[in-house]
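As they're listed, the protein sequences go chains R and D.
Be aware that the first sequence starts at 465, since it is given in my numbering, and climbs by one per residue.
Be aware that the second sequence starts at 21, since it is given in my numbering, and climbs by one per residue.
C-beta: ideal position from N, C-alpha, C; glycine also.
Everything below concerns the one structure shown next.
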Amino acid sequence: MKFVKFLALAATAGLAACAQPAEDGAEETRVVNVYSARHYSSDAAIYAAFTEQTGIEVNLVSANGDQLIERVRADGERSPADVIITVDAARLHRAEQAGLFAASDYSDLATGIGTNLVDPEGYWVSFAKRSRVVAYSNTRVQPGEITTYSDLADPRWEGRICVRGSGSPYNQSLLASLVIHLGEEEAQAWAQAVVDNMAREPQGGDRTQINGIAAGECDVTILNHYYYAMMVNSDDPAAQAAAAAVTLFFPNQDTTGAHVNVSGAGIAVNAPHPEEARALIAFFFSDDAQRAFAEMTNEIPVRTDVSWDNPTLAAMLPFNEDAMNVSELGDNNETAQRIFDRVGWQ
Amino acid sequence: MDKAGSPSRLPGQTSGLAVLAALVCAAPVLAVAWIALTRDSGDYLQHLAQTRLPVYLSTSALVALVAGGGAGLIGTALGWLIARTEFWGRRTLSWVLILPLAVPAYVAAYAWLDLSQAGGPLDAFTGGAFPTIRGGGGAGMMFALVLYPYVYLLARDTFASQSVDAYNAARTLGAGPLTAFWRTSLPMARPAVAAGLALVAMESLADYGTVSHLGAPTLSIGLIRAWSGAGSLVDAARLSLVLVFIAIVVFGLERAQRSRARSVNGSGRHKPAPRLYLRGGTALAALLVCLTPLALGMIIPLGRLVWLALHTETATGLAAASFHSLTLAGITALLAAALGLATAYALRSRTAIATLATRAAGLGYAVPGAVAAVGVIAILSGIQALVDPSWRAMTGEVFPIVLTGTGAALVFAYLSRFAAAAISPAETALARITPSLDGAARTLGATRRRRVWHIHWPLIAAGVTSAGLLVFVEVLKELPATMILRPFNYDTLAIIAHNFASDERLGEAALPSLLIPLVALLPMIFVARYLSRQDR
Numbered sequence: 465m466k467f468v469k470f471l472a473l474a475a476t477a478g479l480a481a482c483a484q485p486a487e488d489g490a491e492e493t494r495v496v497n498v499y500s501a502r503h504y505s506s507d508a509a510i511y512a513a514f515t516e517q518t519g520i521e522v523n524l525v526s527a528n529g530d531q532l533i534e535r536v537r538a539d540g541e542r543s544p545a546d547v548i549i550t551v552d553a554a555r556l557h558r559a560e561q562a563g564l565f566a567a568s569d570y571s572d573l574a575t576g577i578g579t580n581l582v583d584p585e586g587y588w589v590s591f592a593k594r595s596r597v598v599a600y601s602n603t604r605v606q607p608g609e610i611t612t613y614s615d616l617a618d619p620r621w622e623g624r625i626c627v628r629g630s631g632s633p634y635n636q637s638l639l640a641s642l643v644i645h646l647g648e649e650e651a652q653a654w655a656q657a658v659v660d661n662m663a664r665e666p667q668g669g670d671r672t673q674i675n676g677i678a679a680g681e682c683d684v685t686i687l688n689h690y691y692y693a694m695m696v697n698s699d700d701p702a703a704q705a706a707a708a709a710v711t712l713f714f715p716n717q718d719t720t721g722a723h724v725n726v727s728g729a730g731i732a733v734n735a736p737h738p739e740e741a742r743a744l745i746a747f748f749f750s751d752d753a754q755r756a757f758a759e760m761t762n763e764i765p766v767r768t769d770v771s772w773d774n775p776t777l778a779a780m781l782p783f784n785e786d787a788m789n790v791s792e793l794g795d796n797n798e799t800a801q802r803i804f805d806r807v808g809w810q
Numbered sequence: 021m022d023k024a025g026s027p028s029r030l031p032g033q034t035s036g037l038a039v040l041a042a043l044v045c046a047a048p049v050l051a052v053a054w055i056a057l058t059r060d061s062g063d064y065l066q067h068l069a070q071t072r073l074p075v076y077l078s079t080s081a082l083v084a085l086v087a088g089g090g091a092g093l094i095g096t097a098l099g100w101l102i103a104r105t106e107f108w109g110r111r112t113l114s115w116v117l118i119l120p121l122a123v124p125a126y127v128a129a130y131a132w133l134d135l136s137q138a139g140g141p142l143d144a145f146t147g148g149a150f151p152t153i154r155g156g157g158g159a160g161m162m163f164a165l166v167l168y169p170y171v172y173l174l175a176r177d178t179f180a181s182q183s184v185d186a187y188n189a190a191r192t193l194g195a196g197p198l199t200a201f202w203r204t205s206l207p208m209a210r211p212a213v214a215a216g217l218a219l220v221a222m223e224s225l226a227d228y229g230t231v232s233h234l235g236a237p238t239l240s241i242g243l244i245r246a247w248s249g250a251g252s253l254v255d256a257a258r259l260s261l262v263l264v265f266i267a268i269v270v271f272g273l274e275r276a277q278r279s280r281a282r283s284v285n286g287s288g289r290h291k292p293a294p295r296l297y298l299r300g301g302t303a304l305a306a307l308l309v310c311l312t313p314l315a316l317g318m319i320i321p322l323g324r325l326v327w328l329a330l331h332t333e334t335a336t337g338l339a340a341a342s343f344h345s346l347t348l349a350g351i352t353a354l355l356a357a358a359l360g361l362a363t364a365y366a367l368r369s370r371t372a373i374a375t376l377a378t379r380a381a382g383l384g385y386a387v388p389g390a391v392a393a394v395g396v397i398a399i400l401s402g403i404q405a406l407v408d409p410s411w412r413a414m415t416g417e418v419f420p421i422v423l424t425g426t427g428a429a430l431v432f433a434y435l436s437r438f439a440a441a442a443i444s445p446a447e448t449a450l451a452r453i454t455p456s457l458d459g460a461a462r463t464l465g466a467t468r469r470r471r472v473w474h475i476h477w478p479l480i481a482a483g484v485t486s487a488g489l490l491v492f493v494e495v496l497k498e499l500p501a502t503m504i505l506r507p508f509n510y511d512t513l514a515i516i517a518h519n520f521a522s523d524e525r526l527g528e529a530a531l532p533s534l535l536i537p538l539v540a541l542l543p544m545i546f547v548a549r550y551l552s553r554q555d556r
């Protein structure tokens, strides 16, 4: 019996210790509840600035995009989520398909940021960009030898490509864009050729691939631009040295433009604090937040009229980006995944 | 109340509660099975069977074999050395050797890939001779190095409490110490080793972070991809049934080991083994054998991270995260130890329902944390939906309390995920109390309470505290379920470490990764002290 009492006690203690912060309390603190797939520690600074400016407290839970979607969906009408943020357009699309977003008019925020970055139906909006680019060895590859994603399929790269696994949403979205531009059959031929050209089975993340080139294990890789910038801006001499051994470029500059993906947000359909949600999303477009994305996470701000200080990132810009609406990536995500499975891209 | 000849049990009520608790722990996995079997899905699984499924299965087998083989070897050897010999440093090592368990396997994997990859320090130092730690073999080795304490803990306790009669008899008959160990001590320790191995195998199959970073496509990878790529939770749930099936087989094999060993030590006589005193070269060798897995599983990977940390800023919020980690792990560990003990007693009643409930509770160990979390969410949202109609009738609104995202949801998920880690050691410990032991005590007029406190508890204390400790450390490391179910603004050390590590920012990941074993040290020292007091 003691055991039972103890069990009840411990469970109560557990509940009390981890209880959720109260909804807007008696002191009328305004809050916004954020479900974010962004896991960058620098975001804390952005939320702090938002709170200071508006007096609205930010409650944050961050996790993988698909898991956040499942949690919001299961909680349904009672979900405390106000804002849902993901780092992949396909996830934004999936959340929209699951009916988790409320439509809103983002035109005031989105003027001048490129129509490809806003959901045509107004369910979500992008506030920062990342491009999936190509990097090659300074010593073993001549500039101009490779200029497009399609070039990676050329037999000349046999045994020379390092790339991360196909579980990465970034690889899935890149292949989804190729499905849209080239059709499923040709996209599969491309993926098959890249697999045939791999120097090693996929392992690690994007930074591991740059290390692979620096060490001479391979000559070319596909990566998100900010990983390279992160290494250049790092205090670690080994990371700097590895980054210095490669040249990064934006592919398809004369054709479709380089593939871009986004950090985006939408207001939850059952948001208890829609006004505050809207205020937070608007804040992501403020000068301060846009500058923070460029300087702290090396992302490309969607607004071009904000000045920021990050020479590494500045040296990469400008570039021609793919004009397709990023919401299309979500429609083709499963096709991309199946192609990866068929060609054995681990 | 006691039937003559039957082993001591808990009173019926408590036994019933234990069964109920076990069923609650089993519920999330059952919910996932329900999703898998009742909801419709497309042709994704068919596609998978035609493409990647064979690779997923063979890689899973490789990972489990390497992990189990490695952990079995290391854990048994260390367990014997610590329990049956005496050498300089043994007393400290006896609990320090548990510490690698507190290193998340993915942290070891990130560090080892960084060290051994092309152009990494080891590669440069050996002129390319050092192989890159990757693939199924590499992932299996990572699991062996951080999970061997499962085997070690159980093997050590068993070796320590083994009667030496058989060993001595073998020696008398002319067997050398090694042969005697091989023919008597080891077979007697087999149930404990098997229990440890079952946990290692299931844990490595349920892992996602390590295998995805090292490029070892196991079933867990396929399952998470089915969810994230194809967006089908149903397909993911169906794939997790395969893991559940494997768990049933693995735990079944383990049970078979256990029942085969039942006859051992039937006399109930407990004659502590005299320690073999090692000196000089042998003592040094023993020390080295103990230090090697410690170095490979903990000192080298964490040392690498610390070295990288010298070039980076420190992460913030670590004090709060440590507190969160400790709170969750502490509460869950206490509950789990109680659960383990209660279900182990309930099991002694040999009723079908007790057996079934306990075995089902253990299955949570087989599924990835993300899937267990889905089960928890499904149950909690089901409860919410159940309350909704009557609440709406009264207030016109839906039931306002959100059950997901509370500490209770997290503890629920942990218990369902790690019940096996609590039940298994408790059951192993309780197996030592034979019916004849109870019978003797009863003959001498001991009441049930006296029997439990003066005879059972001293014999099972080590096992039960081990159970609590294992769950404590598991919760400290747990990532996927914590991420998805946690309350607002509630980071744990594992989450902070993973957020950095997933971006390959290993320097920033260093401090939180280091704090996990450091936080684990506190209860470990406490438990070590408690147990050595018991030893006297």
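Should residue i go down as buried or exposed, given a rule of 16 or more other Cβ atoms within 10 Å for buried?
i        : result
D:Pro313 : buried
D:Ala49  : Checking the sequence shown, residue 49 of chain D turns out to be Val, not Ala. Looking at its Cβ environment, which holds 16 or more other Cβ atoms inside 10 Å, D:Val49 is buried.
R:Phe747 : buried
D:Arg104 : buried
D:Ser205 : buried
R:Lys466 : Its pLDDT being 44, under 50, R:Lys466 is placed unreliably in this model, and the value from its coordinates should be taken loosely. Exposed, because fewer than 16 other Cβ atoms sit within 10 Å of the Cβ of R:Lys466.
D:Leu304 : exposed
R:Arg671 : buried
D:Lys23  : Because D:Lys23 sits at a pLDDT of 42, beneath the cut-off of 50, its placement in the model cannot be relied upon, and the following sentence gives the value as read from the coordinates. Exposed is the call here.
R:Pro544 : buried
Is the distance from the Cβ of residue i to the Cβ of residue j below 8 Å?
i        : j        : result
D:Leu348 : D:Thr512 : yes
R:Ala709 : R:Ser601 : yes
R:Asp569 : D:Thr71  : no
D:Ala514 : D:Phe520 : no
D:Ala246 : D:Leu263 : no
D:Ala362 : D:Ala131 : no
D:Ala517 : D:Leu479 : no
R:Ala554 : R:Ser637 : yes
D:Val493 : D:Ala122 : yes
For residue i, list the residues DSSP reports as bridge partners.
i        : result
D:Leu296 : D:Thr105
D:Thr58  : Answer is none; D:Thr58 lacks a bridge partner.
R:Met662 : R:Ile625
R:Asn523 : R:Asn497
R:Phe713 : R:Val598
R:Ser727 : R:Ala592
R:Glu785 : R:Ala722
D:Phe546 : Answer by DSSP bridge pairing: none, since D:Phe546 is not bridged.
At 8 Å on the CB atoms, spell out the chain R contacts of residue i, in chain order.
i        : result
D:Asp143 : Ala679
If the cut is a Cβ gap below 9 Å, which residues of chain R does residue i touch?
i        : result
D:Gly36  : In chain order: nothing, as chain R lies at least about 11 Å away.
D:Arg154 : Arg664, Glu665, Gln667 and Gly668
D:Trp247 : Asp530, Gln531 and Glu534
D:His67  : Arg802, Asp805 and Arg806
Taking C-beta pairs closer than 7 Å, name the residues in chain R that residue i reaches, listed in chain order.
i        : result
D:Gly194 : Going along chain R, no residue has its Cβ under 7 Å from D:Gly194, so there is no contact; the nearest lies around 50 Å.
D:Pro237 : Gln810
D:Leu82  : Neighbours of D:Leu82 on chain R: none; closest Cβ ~14 Å, over 7 Å.
If the cut is a Cβ gap below 9 Å, which residues of chain D does residue i touch?
i        : result
R:Gly578 : Neighbours of R:Gly578 on chain D: none; closest Cβ ~26 Å, over 9 Å.
Residues of chain D with CB under 7 Å from residue i, in chain order?
i        : result
R:Asn661 : In chain order: nothing, as chain D lies at least about 17 Å away.
R:Ser727 : Going along chain D, no residue has its Cβ under 7 Å from R:Ser727, so there is no contact; the nearest lies around 14 Å.
Using a cut-off of 8 Å between C-beta atoms, extract the partners of residue i located in chain D.
i        : result
R:Val525 : Gly425, Arg506, Pro507, Phe508, Asn509 and Tyr510
Using a Cβ cut-off of 9 Å, which residues of the stretch 403-425 of chain D contact any Cβ in chain R, in chain order? Gln404, Ala405, Asp408, Glu417, Val418, Phe419, Pro420, Ile421, Val422, Leu423, Thr424 and Gly425
According to a CB-to-CB cut-off of less than 9 Å, which residues of the stretch 505-522 of chain D neighbour chain R? Leu505, Arg506, Pro507, Phe508, Asn509, Tyr510, Asp511, Ile515, Ile516, His518, Asn519, Phe520 and Ser522
Tell me which residues of the stretch 774-806 of chain R have at least one Cβ-Cβ distance to chain D shorter than 7 Å, keeping chain order. Asn797, Glu798, Gln801, Arg802, Asp805 and Arg806
Contact set between the stretch 538-557 of chain R and chain D, restricted to residues whose Cβ is under 8 Å from the partner: Ala538, Asp539, Gly540, Glu541, Arg542, Ser543 and Pro544
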